[in-house]
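Written out below as structure tokens is the structure these notes cover.
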Amino acid sequence: MTTQKYPVGQHPNLPPPNNTVGVLFWLKENMFNGVLNSILTLFSFYVIITLLPPLLKWAIIYADWTGDSKDACTKDGACWVFIRVWFDQLLYGRYPSDSIWRINLSYVIAIVAAIPLFFSAVPKKIKLVLAAFLLVVYPIICFYLYYGGGFGLEVVETPRWGGLFLTLVIAVSGIVLSLPLGILLALGRRSNMPVIKSFCVVFIEFWRGIPLITVLFMASVMFPLFVPESLSPDKLLRVLVGVILFSSAYMAEVVRGGLQAIPKGQYEAAAALGLNYPKSMILIILPQALKMVIPGIVNTFIGLFKDTTLVLIIGLFDLLGMAQLAATNPNWLGFTVEGYVFAAVGFFVFCFSMSSYSQHLERVLNTGHRN
Amino acid sequence: MTDQTKSSTPAKPPFWRDPDKRALVFQGVFLLLVVVVLFTLIRNTMLNLEARGISSGFGFLETSTGFKIAETLIPYDESSSFFTAFLVGLLNTIKVSVIGVFLATILGFIMGVARLSKNWLVARLSAVYVDTLRNIPLLLQLFFWYFAVLRPLKNPKQADNFFDIIFLSNRGLYGPKPIFEDGSGLILFALIAAIVGIIVLRIWAKKRMENTGERFPVFYTSLGLIIGLPLLALIGTGFPVSWDIPELKGFNFRGGMVMTPEFSALVFALSIYTSSFIAEIVRAGIMSVDKGQTEAAYSLGLKPSWTTRLVIIPQAMRVIIPPLTSQYLNLTKNSSLAAAIAYPDLVSIFAGTALNQTGQAVEIMGMTLAVYLFLSLTISSLMNWYNASKALVER
Chain R
1 MTTQKYPVGQ HPNLPPPNNT VGVLFWLKEN MFNGVLNSIL TLFSFYVIIT LLPPLLKWAI
61 IYADWTGDSK DACTKDGACW VFIRVWFDQL LYGRYPSDSI WRINLSYVIA IVAAIPLFFS
121 AVPKKIKLVL AAFLLVVYPI ICFYLYYGGG FGLEVVETPR WGGLFLTLVI AVSGIVLSLP
181 LGILLALGRR SNMPVIKSFC VVFIEFWRGI PLITVLFMAS VMFPLFVPES LSPDKLLRVL
241 VGVILFSSAY MAEVVRGGLQ AIPKGQYEAA AALGLNYPKS MILIILPQAL KMVIPGIVNT
301 FIGLFKDTTL VLIIGLFDLL GMAQLAATNP NWLGFTVEGY VFAAVGFFVF CFSMSSYSQH
361 LERVLNTGHR N
Chain A
1001 MTDQTKSSTP AKPPFWRDPD KRALVFQGVF LLLVVVVLFT LIRNTMLNLE ARGISSGFGF
1061 LETSTGFKIA ETLIPYDESS SFFTAFLVGL LNTIKVSVIG VFLATILGFI MGVARLSKNW
1121 LVARLSAVYV DTLRNIPLLL QLFFWYFAVL RPLKNPKQAD NFFDIIFLSN RGLYGPKPIF
1181 EDGSGLILFA LIAAIVGIIV LRIWAKKRME NTGERFPVFY TSLGLIIGLP LLALIGTGFP
1241 VSWDIPELKG FNFRGGMVMT PEFSALVFAL SIYTSSFIAE IVRAGIMSVD KGQTEAAYSL
1301 GLKPSWTTRL VIIPQAMRVI IPPLTSQYLN LTKNSSLAAA IAYPDLVSIF AGTALNQTGQ
1361 AVEIMGMTLA VYLFLSLTIS SLMNWYNASK ALVER
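Quick note, the sequences are listed as chains R and A, same order.
No gaps in the numbering here: position 363 of the first sequence is 363 in the working numbering, and each next residue is one more.
No gaps in the numbering here: position 112 of the second sequence is 1112 in the working numbering, and each next residue is one more.
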């Protein structure tokens, strides 16, 4: 056997040895390297094979897609006709169908105004204006669009609000309004003044210690006792107050985490520049602290978004509530699972995209301190 | 520079510039505000209660309830007092929470470790499990288990029959219940002795390891003790245990032990939902241990299983425990969702049924909130104590 000689530096790149490439090698290395791993792999295959084909058969192959009544569902699989018929109610509750454009319009405004915020090419000034619009002007527009009673719009009482729309209203207003309250509570908890500090500690620990459902019970049973009888606030408003107080406590803890992470030098530098307390907080500390805790805020929002389903226990019909209501309709009995699957997919899409975004933010904001 | 700066003492600032005095004024105003708000709320409540003719006070706790409760851990019937109903609810809440925490921890640790597995398929499956279940609301999962899985089971007459002793139907899972007869006290005694023995063994084994470096198979010995001693006692006393086997009578089963669909749905939903969060916590904890630790352990000659048990897990636990605590707290608080499927927990019975019957909103909500606050503070202080005992002792 002769070995071919190459001049120094001229040796061609050889392919990797045959037993270290290809699908089989990958399988062996990743799934069958050892007895335990092989057993685990086979077990996983077994799980997939028992779960996936029946699921696909039920959801797609043997499912009914067309029709407009229960009679159209003749096959063994899922009856997506049910979702098709109840689609508007699942998304908008019992909102009058000729006014649904008002809700859609608000969605469009929000999306159009929010999209530029996600692009780094957009100048900062435009971003600021848009953010201010979304936080200050937009809620007012929404109130008039949803409730009506001005600009020639018909009044739609809150008991008719429902579906995904109600979920979004409660979650978004809960988070937007609880943020400022949470910041104040977090600052209060770190304050040197004993009265303010102890008040904030008690407030935060109280709301964090009780389940949301008792908060909602309080909103529906006790809130009417707390205010004069002449003033009987709307149920949705009472729930919103409860949700805002509840999530502000969680928000306060998130913000406190950010405040604690700011090095002491920043506080001292702000004081050395002669800034008073509000100025040093607004100009120096909070911008840094809030930027740091954006992922935490998003996570709180996801939690709140999922927790809004609880309002159905006190008789407001959010996305899950509408699915439940539709499934108990005498004409549509027996389609519980379809309704749940639809609601689950809805919640999953929102929550999963938000959590992916927050993980992305964590990577972007986490600049350089770790390997 | 002259000594001008040295000699001139700064003039005393006017009182509105003095931070201490300003703080006093500020706090005074704040306190006044809080008192005024509280006073208004209390006054409104008194007026409203008076207008509705509801007398306040805890006298109602003595009166009998008049409603039934499906599952009780302590004796209860319609003539029992509201206070007994309160205890029934509280015990049911604690029962669900303890079992839920136990199952969620096991499931969560398995899933968290599986997600870090080098086996591609196992890691993917566990990722799908975690990402799906984390992003679907707990109430939806609870409804799924209850209304879509457990309620549509067959009725008791066509119940699924396992060996004529276990029956699964839409009334729950019925199984045989052990009845301890005379002389079975020894078994309990043996169990207690086994637990004490295990604790002593652990302390001894740890001391021995610190002194000599030799390890003792604590886990297998403990397992042997906790199974072997009661078994020995059982044989020694001649099996003084008989089984109460459920029987179909009328429309439902009688006798035996039962896991109602409400209870099972709640435990399934709570433990599966929470396990997906625990899995992420465990994963983050294990990933937080530097790779150098593993390499150092290997270079000291520790075998892989010891490296995991003695080097990785103790360090990961420090990162895992604080968020794990808050998950346990969440699970306890989330057990109140029982109200949605009528499992008789504290919120469902006391803040629901009892409140509707008596109208004593303030007292009942006050007691309910106090219980949850107490549970929260207890769990978090227990966990803080555990955390402190595991924390890194630094210079």
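For glycine and all other residues, C-beta sits at the position ideal for the given N, C-alpha and C.
All of these numbers come straight from a predicted model, not from anything done at the bench.
Which of helix, strand or coil DSSP assigns to residue i
| i | result |
| --- | --- |
| GLY67(R) | coil |
| SER1275(A) | helix |
| HIS369(R) | Low per-residue confidence applies at HIS369(R): pLDDT is 46, beneath 50, and the placement is therefore not dependable, though the value from the model is reported in the following sentence. Coil at HIS369(R), not helix or strand. |
| ARG1215(A) | coil |
| TYR1174(A) | strand |
| LEU1168(A) | strand |
| SER356(R) | helix |
| ASP1345(A) | coil |
| SER1055(A) | coil |
| PHE133(R) | helix |
| GLY1028(A) | helix |
| ARG1254(A) | strand |
| LEU1248(A) | strand |
| ILE1179(A) | strand |
| ASN192(R) | coil |
| ASP234(R) | coil |
| CYS73(R) | coil |
| GLY1359(A) | coil |
| SER393(R) | With chain R running from 1 to 371 in the structure shown, residue 393(R) is simply not present. |
| GLY303(R) | helix |
| VAL176(R) | helix |
Of the listed residues the options, nearest to residue i (C-alpha basis)
| i | options | result |
| --- | --- | --- |
| TRP1243(A) | ILE1364(A), ILE1166(A), LYS1207(A) | ILE1166(A) |
| LEU1232(A) | ALA1193(A), VAL1267(A), PRO1246(A), GLU1262(A) | ALA1193(A) |
| SER1275(A) | PRO1230(A), ALA1104(A), PHE1163(A) | ALA1104(A) |
| ALA1159(A) | LEU1150(A), ASN1170(A), ARG1151(A) | ASN1170(A) |
| LEU1061(A) | LEU1049(A), GLU1071(A), SER1080(A) | SER1080(A) |
| ARG1151(A) | LEU1173(A), PHE1162(A), PHE1163(A), ASP1164(A) | LEU1173(A) |
| VAL227(R) | GLY1224(A), LEU1049(A), VAL1025(A), ILE1313(A) | LEU1049(A) |
| LEU941(A) | SER198(R), VAL47(R), LEU90(R) | It is not possible to answer for residue 941(A), since the shown part of chain A is limited to 1001 through 1395. |
| LEU1373(A) | LEU1329(A), LEU1300(A), ARG1052(A) | LEU1329(A) |
| ALA1361(A) | MET222(R), LEU304(R), GLY265(R) | MET222(R) |
| LEU128(R) | LEU117(R), PRO96(R), ARG102(R) | LEU117(R) |
Outcome for residue i when other beta-carbon atoms lying within 10 angstroms are tallied against a minimum of 16
| i | result |
| --- | --- |
| ARG1115(A) | buried |
| LEU177(R) | buried |
| ASP307(R) | buried |
| ASP68(R) | exposed |
| GLN10(R) | exposed |
| ASN1334(A) | buried |
| VAL293(R) | buried |
| GLN260(R) | exposed |
Test item: CB-CB of residue i and residue j under 7 Å
| i | j | result |
| --- | --- | --- |
| TRP86(R) | ALA326(R) | yes |
| ALA186(R) | ARG256(R) | yes |
| THR1397(A) | LEU225(R) | The structure shown does not extend to residue 1397(A), since chain A is modelled only from 1001 to 1395, so the question has no answer here. |
| MET1257(A) | LYS1177(A) | yes |
| MET1383(A) | ALA1279(A) | no |
| GLN1141(A) | ALA1269(A) | yes |
| LYS93(R) | GLY162(R) | Checking the sequence, you will find Gly at residue 93(R) rather than Lys. The answer is yes: Cβ separation under 7 Å. |
| GLY174(R) | SER220(R) | no |
| ASP1345(A) | ASN1092(A) | yes |
| ILE1341(A) | PHE348(R) | no |
| ALA1190(A) | LEU1229(A) | yes |
| ILE1379(A) | ALA1085(A) | no |
| LEU1138(A) | TYR1273(A) | yes |
| VAL1332(A) | LEU1375(A) | Residue identity differs from the one stated: residue 1332(A) is Thr in this sequence, not Val. Cβ atoms of THR1332(A) and LEU1375(A): closer than 7 Å. |
Distance cut-off 6 Å: residue i Cβ against heavy atoms of the ligand GDP
| i | result |
| --- | --- |
| PRO278(R) | As for the ligand GDP, it is missing from this structure, which has no ligand bound. |
Chain B contact for residue i (CB, 7 Å cutoff)
| i | result |
| --- | --- |
| PHE301(R) | Looking for chain B here will not work: the only protein chains present are R and A. |
Near-chain A residues of the stretch 216–229 of chain R (beta-carbon distance less than 8 Å), N- to C-terminal order: PHE217, MET218, VAL221, MET222, PRO224, LEU225, PHE226, VAL227, PRO228, GLU229
Using Cβ-Cβ distances below 7 Å, what residues of the stretch 64–84 of chain R are close to chain A? none
Identify each residue in the stretch 19–35 of chain R for which the Cβ-Cβ distance to at least one residue of chain A is less than 7 Å, and report them in chain order. ASN30, MET31
Residues of the stretch 266–280 of chain R with a CB closer than 8 Å to any CB of chain A: list them in chain order, please. none
Below 8 Å between beta carbons is the criterion; list the residues of the stretch 1112–1136 of chain A that meet it against any residue of chain R, in chain order. SER1117, LYS1118, ASN1119, TRP1120, LEU1121, VAL1122, LEU1125, ASP1131, THR1132, ARG1134, ASN1135, ILE1136
What residues from the stretch 241–267 of chain R come within 7 Å of chain A, judged by C-beta to C-beta, listed N to C? none
Residues of the stretch 1040–1071 of chain A with Cβ closer than 8 Å to any Cβ of chain R, in chain order: LEU1041, ASN1044, THR1045, LEU1047, ASN1048, LEU1049, ALA1051
Under 9 Å (Cβ pairs) to chain A, residues found in the stretch 202–215 of chain R: GLU205, PHE206, ARG208, GLY209, ILE210, PRO211, LEU212, ILE213, THR214
Under 7 Å, CB to CB, which of the residues in the stretch 1293–1327 of chain A have a partner in chain R? none
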